[in-house]
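Trainee: Mind looking over this structure? Questions follow.
There are 2 protein chains.
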Amino acid sequence: ARPRVGYYYTGKTGGQLFQERLLKLKVKDFQSIPVVIPENASVYDGICTMFLEDVGTLFVVNNNGKLIGIVSRKDLLRASMGKQDLESLPVSIIMTRMPNITVCSPEDSMLEVANKLISKQIDGLPVVKSDGDGGYDVIGRMTKTNITKAFAYIGVEEQS
Amino acid sequence: ARPRVGYYYTGKTGGQLFQERLLKLKVKDFQSIPVVIPENASVYDGICTMFLEDVGTLFVVNNNGKLIGIVSRKDLLRASMGKQDLESLPVSIIMTRMPNITVCSPEDSMLEVANKLISKQIDGLPVVKSDGDGGYDVIGRMTKTNITKAFAYIGVEEQS
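From first to last, the protein sequence lines stand for chains A and B.
Each residue of the first sequence is one higher than the one before, starting from 1 at the first, in the numbering used here.
Each residue of the second sequence is one higher than the one before, starting from 1001 at the first, in the numbering used here.
Below you can see the structure in the form of structure tokens.
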């Protein structure tokens, strides 16, 4: 009798199966809650928010809650070394602005996000939903921490 | 005739093969070059080094080149918000000290490192070699960026 070993004949190589399994890991399954600040927040506010929320990336939104910028820990450290008064310096001066922001959507694969983070040399990006009017609502946060969790996850999962 | 499909009968499930493949990814294959500063460096020196070298984690070494501390971008941002003069504040005051430093070695798997980064909530750790005398030489740097690169790597590799 044929031994029951828990795999099916598919004609695919191990490498292909590996890739297919990876591609099933979606942003929506690993994303974190986004931390946003208003565009009139100061750099000082931004630094406080970053420590209070313990995140490395903040998203800046306008009065309508639409994404207009992104600020990293590196941006804030650079600003803190300047001569300006951090409480009067608006975060909108130092942020990276739309359309220069790399985004992702909930249905994207973690693999796409990993490639974006590496190729753009960024720490994190917003998970967004287009409002159909050229704007983006921020619905999540994806960082190298989420990728690291996905990496650890595939090391323990037992799929059938 | 039996079709040649590029896999062997091993009696293992897909999940097990997946894990085995992951465990073959070693620190030594993905590690970055470490950036170290002397223990008498100032916080200001640390921040400059971090920007010049474009890293998020610095390792602090003593006169003999042995690891005594680690400083993150977050530590430096916190220090920069204080009232102290950054040029006279020694980095050794704000660093995380041995033996509270999580380390790894070149032969560790990337999976072990991913789990350490997640469970300890740290951004990076030194790759070390024990000098046999209780001290550690820093020979590499492992961060969530390296894990992200490993994740992207397994998505494209074609193993036989």
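Glycine included, C-beta positions come from ideal geometry on N, C-alpha and C.
On a predicted model such as this, the values are computed, not experimentally measured, just so you know.
Tell me which residues of the segment 1015-1041 of chain B have at least one Cβ-Cβ distance to chain A shorter than 8 Å, keeping chain order.
Mentor: Under the 8 Å Cβ criterion, the segment 1015-1041 of chain B contributes G1015, L1017, F1018, Q1019, R1021, L1022 and L1023.
Trainee: Given a threshold of 16 other Cβ atoms within 10 Å of its Cβ, counted over all protein chains shown, does Q159 of chain A qualify as buried or as exposed?
Mentor: The residue labelled residue 159 of chain A in the question sits at position 159 within the first sequence. Because Q159 of chain A carries a pLDDT of 47, less than 50, the predicted location of this residue cannot be relied on, and no value is offered for it.
Trainee: With a threshold of 9 Å between beta-carbons, can T102 of chain A be considered close to chain B, or not?
Mentor: Position 102 of the first sequence, counted from the first residue, corresponds to residue 102 of chain A. Not one chain B Cβ lies under 9 Å of T102 of chain A.
Trainee: Within a Cβ cutoff of 8 Å, which residues of the same chain sit near K129 of chain A, ignoring the five residues on either side of it in sequence?
Mentor: Sequence index remark: in the first sequence, residue 129 of chain A carries index 129 (1-based). Excluding sequence neighbours, K129 of chain A sits near S105, P106, Y136, D137 and I139.
Trainee: Does the count of Cβ pairs from the segment 1086-1093 of chain B and the segment 91-104 of chain A closer than 8 Å reach three?
Mentor: Contact between the segment 1086-1093 of chain B and the segment 91-104 of chain A is absent, because fewer than three Cβ pairs lie under 8 Å.
Trainee: When the Cα atoms are used, what is the spatial distance from K1028 of chain B to R1021 of chain B?
Mentor: Reading the second sequence from its first residue, position 28 is the one you call residue 1028 of chain B. Reading the second sequence from its first residue, position 21 is the one you call residue 1021 of chain B. Computed Cα separation, rounded: 16 Å.
Trainee: Hey, would you say I1154 of chain B sits closer than 9 Å to P1126 of chain B, going by beta carbons?
Mentor: The count along the second sequence starts at 1 and reaches residue 1154 of chain B at position 154. The count along the second sequence starts at 1 and reaches residue 1126 of chain B at position 126. The answer is no: Cβ separation not under 9 Å.
Trainee: If you measure from the beta carbon of I147 of chain A to each beta carbon in chain D, is any gap under 9 Å?
Mentor: The chain labelled as chain D is not found among the protein chains of the depicted structure, namely A and B.
Trainee: 9 Å is my cut-off, CB to CB: does I1154 of chain B come that close to chain A?
Mentor: Position 154 of the second sequence, counting from 1, holds the residue named residue 1154 of chain B. So yes, I1154 of chain B belongs to the interface.
Trainee: Grab the span of the alpha helix (DSSP H) containing S80 of chain A for me, first residue to last.
Mentor: Taking the first residue of the first sequence as position 1, residue 80 of chain A is located at position 80. Residues R73 to S80.
Trainee: From E1112 of chain B to M142 of chain A, what does the alpha carbon distance come to, in whole angstroms?
Mentor: Mapped onto the second sequence, residue 1112 of chain B falls at position 112. Mapped onto the first sequence, residue 142 of chain A falls at position 142. Between E1112 of chain B and M142 of chain A, the C-alpha separation is close to 22 Å.
Trainee: How about S1080 of chain B: is its C-beta nearer than 9 Å to some C-beta of chain A?
Mentor: Here the question's residue 1080 of chain B lines up with position 80 in the second sequence. Judged by the 9 Å Cβ criterion, S1080 of chain B is in contact with chain A.
Trainee: Where does M142 of chain A sit, in a helix, a strand or coil, going by DSSP?
Mentor: Taking the first sequence and counting its residues from 1, one reaches residue 142 of chain A at position 142. Three-state DSSP puts M142 of chain A in a strand.
Trainee: Closest by CA to N1064 of chain B, which one among B:V1036, B:L1089 and B:E1087?
Mentor: Position 64 of the second sequence holds residue 1064 of chain B. Measuring from the Cα of N1064 of chain B, the nearest candidate turns out to be B:V1036.
Trainee: Is the shortest distance between the beta-carbon of I1094 of chain B and the beta-carbons of chain A less than 9 Å?
Mentor: Taking the second sequence and counting its residues from 1, the one referred to as residue 1094 of chain B is at position 94. So, not an interface residue.
Trainee: Of all the options A:K66, A:Q84 and A:G56, which has the alpha carbon lying nearest to the alpha carbon of D1075 of chain B?
Mentor: Translated into positions along the second sequence, residue 1075 of chain B becomes position 75. Cα-wise, what sits closest to D1075 of chain B is A:G56.
Trainee: In three-state DSSP terms, what is D1054 of chain B?
Mentor: For the purposes of this step, residue 1054 of chain B is taken as residue 54 along the second sequence, with counting starting at 1. D1054 of chain B: coil per DSSP, three-state reduction.
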